[in-house]
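For reference, the structure discussed in these notes is given below.
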Ligand SMILES: Cc1cc2nc3c(=O)[nH]c(=O)nc-3n(C[C@H](O)[C@H](O)[C@H](O)COP(=O)(O)OP(=O)(O)OC[C@H]3O[C@@H](n4cnc5c(N)ncnc54)[C@H](O)[C@@H]3O)c2cc1C
């Protein structure tokens with residue numbers, strides 16, 4: 041699809057209509073879409089030392105925030121390096137948040153019942169992404185395999201449809217997808233422009 045993926049590269053700057061990489065490579069362009077940089081919220085009262093990379097809170101194997109008592113963090117906002125499969129922390133994905141949520145509920149129950157606590161271990165069920173009309177990619181961990189094209193696309197549709205909460209949602213979503221597929225009509229249209237009137241009123245200078 042004429043997309044060049046540059047792995048193990050770090051974009052450092054955008055100057056003089058060129059993206060500059062850490063290794064010195066430059067790509068001249070007048071259009072840059074910057075999509076990296078999801079960071080967590082900073083909460084007052086939580087010590088600076090509890091925050092790690094991307095302002096994520098360091099947590100132990102039970103998701104308790106380091107340096108605090110009775111404070112827990114799960115999902116995107118947590119940085120847990122105790123899981124042997126993820127020594128640099130887990131990826132910020134929905135599955136991690138869901139599994140940590142369930143695990144923390146079990147941890148609280150075990151605490152109440154005075155039972156031994158189990159450390160959190162992430163079970164990677166794979167990742168998939170839609171990359172075009174009728175095209176997707178999927179990496180499955182067990183058995184390890186990579187799928188692409190329409191098979192991966194159908195799998196993406198099935199997985200996302202099945203995870204919706206009730207039959208009404210599933211049917212209405214399937215209907216909307218079918219309409220969008222056949223009409224090629226994009227429902228997402230965002231036009232953003234500065235509201236000059238409001239800006240001038242707030243800052244006449
Ligand atoms: C554009 C985009 C695409 C993504 N695509 C995928 C994908 O395809 N697959 C995937 O697995 N993951 C994807 N993710 C990541 C996924 O959305 C997150 O990993 C997941 O939502 C994390 O869940 P969470 O519960 O930790 O945080 P969130 O889902 O962000 O929930 C946090 C909630 O806390 C609320 N909140 C924040 N501050 C406060 C406050 N002070 N008081 C009360 N409430 C507060 C927020 O409003 C929010 O509702 C995507 C993320 C983005 C941004």
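Residue numbers (our numbering): 41 to 245. A virtual CB, placed ideally from N, CA and C, is assigned to each residue, including glycine.
Taking the alpha-carbon positions, what's the residue i to residue j distance?
| i | j | result |
| --- | --- | --- |
| residue 174 | residue 128 | 34 Å |
| residue 245 | residue 233 | Note on residue 245: pLDDT 47, under 50, position unreliable in the model; no value is reported. |
| residue 103 | residue 116 | 12 Å |
| residue 141 | residue 114 | 6 Å |
| residue 63 | residue 120 | 30 Å |
| residue 184 | residue 125 | 16 Å |
| residue 55 | residue 74 | 14 Å |
| residue 248 | residue 68 | Residue 248 lies beyond the stretch modelled for the chain, which goes from 41 to 245, so this question has no answer here. |
| residue 226 | residue 202 | 23 Å |
| residue 200 | residue 76 | 24 Å |
| residue 189 | residue 155 | 48 Å |
| residue 105 | residue 217 | 41 Å |
| residue 86 | residue 163 | 29 Å |
| residue 88 | residue 139 | 27 Å |
| residue 61 | residue 230 | 30 Å |
| residue 215 | residue 49 | 41 Å |
| residue 130 | residue 78 | 14 Å |
| residue 223 | residue 108 | 54 Å |
| residue 41 | residue 112 | 43 Å |
| residue 212 | residue 198 | 14 Å |
| residue 165 | residue 186 | 13 Å |
| residue 46 | residue 182 | 27 Å |
| residue 53 | residue 72 | 11 Å |
Where do the N-terminal and C-terminal ends of the alpha helix (DSSP H) with residue i fall, by residue?
| i | result |
| --- | --- |
| residue 134 | 134-152 |
| residue 221 | 207-223 |
| residue 185 | Element bounds for residue 185: not the alpha helix (DSSP H) but the beta strand (DSSP E), 185-189. |
If you measure between the beta carbons of residue i and residue j, is that distance less than 7 Å?
| i | j | result |
| --- | --- | --- |
| residue 90 | residue 98 | yes |
| residue 167 | residue 153 | no |
| residue 51 | residue 59 | yes |
| residue 95 | residue 80 | yes |
| residue 57 | residue 70 | yes |
| residue 101 | residue 159 | yes |
| residue 110 | residue 161 | no |
In the DSSP assignment, find the beta strand (DSSP E) that holds residue i and state where it starts and stops.
| i | result |
| --- | --- |
| residue 176 | 175-180 |
| residue 46 | Neither: residue 46 is in no beta strand (DSSP E) and is coded neither H nor E. |
| residue 171 | 167-172 |
Is it the case that the region 188-197 contacts the region 159-174, given that we only count it when at least three CB pairs across the two stretches are under 8 Å? yes
contact_flag[the region 148-157, the region 122-137] where n(CB pairs < 8 Å) is 3 or more: no
Pick out the complete alpha helix (DSSP H) segments inside the region 43-127, 4 residues or longer, and give them in chain order. none
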